[in-house]
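Residue numbers (our numbering): 23 to 136.
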């Protein structure tokens, strides 16, 4: 089994985090993206030397390109891409604003295209 280089968006929790942990556990390298500075060290500590956190917002096209370029420069390639980043709103539809809906769509729909 040869080592793979994974690029997984949204590794601060949930499916992205679980997948990243499993990939690192099997001996692969994992580049994971998070949205908050405090999450960087936490992800890097999962498996030092195998997990590498990058700060990235999937709604920022220039930032996405810069992060991908940095990841390739760091590990030489990306073998597996998992575009997992996203979030939802809790509460009733009536309580959400149009700005709330736009933010969700920017991350979950348009962010997946970047």
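Built from N, CA and C at the ideal position, the CB exists for glycine as well.
Which residues in the same chain as residue 75 place their Cβ atom closer than 6 Å to its Cβ, once the five residues preceding and following it in sequence are excluded?
Along the chain shown, one-based indexing puts residue 75 at 53. The beta carbon of residue 75 sits closer than 6 Å to those of 54, 56, 62, 65, 66, all from its chain and outside the five residues before and after it, given in chain order.
Nonlocal neighbours in the same chain, by C-beta distance under 8 Å from residue 26, ignoring five residues either side:
Residue numbering aside, residue 26 sits at position 4 when the chain shown is read from its first letter. Scanning its chain for C-beta atoms nearer than 8 Å, with the 5 sequence neighbours on each side dropped, one finds around residue 26 the residues 45, 50, 51, 101, 102, in chain order.
Identify the residues that DSSP records as bridge partners of residue 55: which are they?
Working through the chain shown from its first residue, we reach residue 55 at position 33. According to DSSP, which records beta bridges pairwise, residue 55 is partnered with 31, 76.
Kindly indicate which residue of 37, 112, 33 has the alpha-carbon position closest to the one of residue 59.
Mapped onto the chain shown, residue 59 falls at position 37. Comparing Cα-Cα distances from residue 59 to each of 37, 112, 33, the minimum goes to 33.
Span separating the alpha-carbon of residue 47 from that of residue 116:
Position 25 of the chain shown, counting from 1, holds the residue named residue 47. Position 94 of the chain shown, counting from 1, holds the residue named residue 116. Straight-line Cα distance between these residues: approximately 43 Å.
Got a sec, what are the start and stop residues for the alpha helix (DSSP H) residue 126 sits in?
Numbered from its first residue, the chain shown carries residue 126 at position 104. For residue 126, the enclosing alpha helix (DSSP H) covers residues 120-127.
Where residue 119 falls, given that 16 or more other Cβ within 10 Å makes a residue buried:
Working through the chain shown from its first residue, we reach residue 119 at position 97. Its Cβ having fewer than 16 others within 10 Å, residue 119 is exposed.
What residue range is occupied by the uninterrupted alpha helix (DSSP H) comprising residue 97?
Taking the first residue of the chain shown as position 1, residue 97 is located at position 75. That run of the alpha helix (DSSP H) goes 83-97.
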